[in-house]
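If you count by full-length UniProt numbering, then the sequence shown holds residues 1 to 126, one letter each, in order. Input: a single structure, listed below in structure tokens.
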Amino acid sequence: MVSNHGGRQLDGVLSSARALPAIADAVKGDIAILADSGIRNGLDVVRMIALGADTVLLGRAYLYALATAGKAGVANLLDLIEKEMKVAMTLTGAKSISEISGDSLVQELGKSLPAALAPMSKGDAA
């Protein structure tokens, strides 16, 4: 389980998203990685999978949905998360969850983007 408990315990520690790639690399698939902390929508779920999570947990979002609209709120949340995940997957070319990878993440602006999409410097302007 990769979690920083919402950063409430030690505010100077790494976020789960920042720690996840190194953890995934260290365990190299030997154990399943569950991740939480800061997951608010379907795009966040896709990001965590791309960073190395096998399973993503959403606590706060479910509690808010349950508190505001009961069972129907949770059902609506699940539908919304699924739709957001599908949009993110379509935009990154992933046809299934198993195709989500870190290759679709921008690691450092300008370095992992295709040259045509990289930001122009002042000297590049026509």
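Quick reminder that beta carbons are idealized off the backbone N, C-alpha and C, glycines included.
Per-residue burial, residue i [other beta carbons within 10 Å of its own, 16 or more giving buried]
i, result
"residue 20", "buried"
"residue 12", "exposed"
"residue 16", "buried"
"residue 47", "buried"
"residue 4", "buried"
"residue 97", "exposed"
Whether residue i touches residue j by CB criterion (8 Å)
i, j, result
"residue 73", "residue 66", "yes"
"residue 51", "residue 93", "no"
"residue 42", "residue 84", "yes"
"residue 56", "residue 23", "no"
"residue 49", "residue 81", "no"
Residue i - partner residues in DSSP beta bridges
i, result
"residue 55", "34"
"residue 2", "35"
Selected residue, minimal CA-CA separation from residue i, among the options
i, options, result
"residue 44", "96, 71, 61, 70", "61"
"residue 63", "78, 55, 82, 97", "78"
"residue 25", "80, 38, 82, 54", "54"
**Report entry** Meets three-Cβ-pair contact criterion under 8 Å: the segment 88 to 102 and the segment 26 to 39
**Finding:** no
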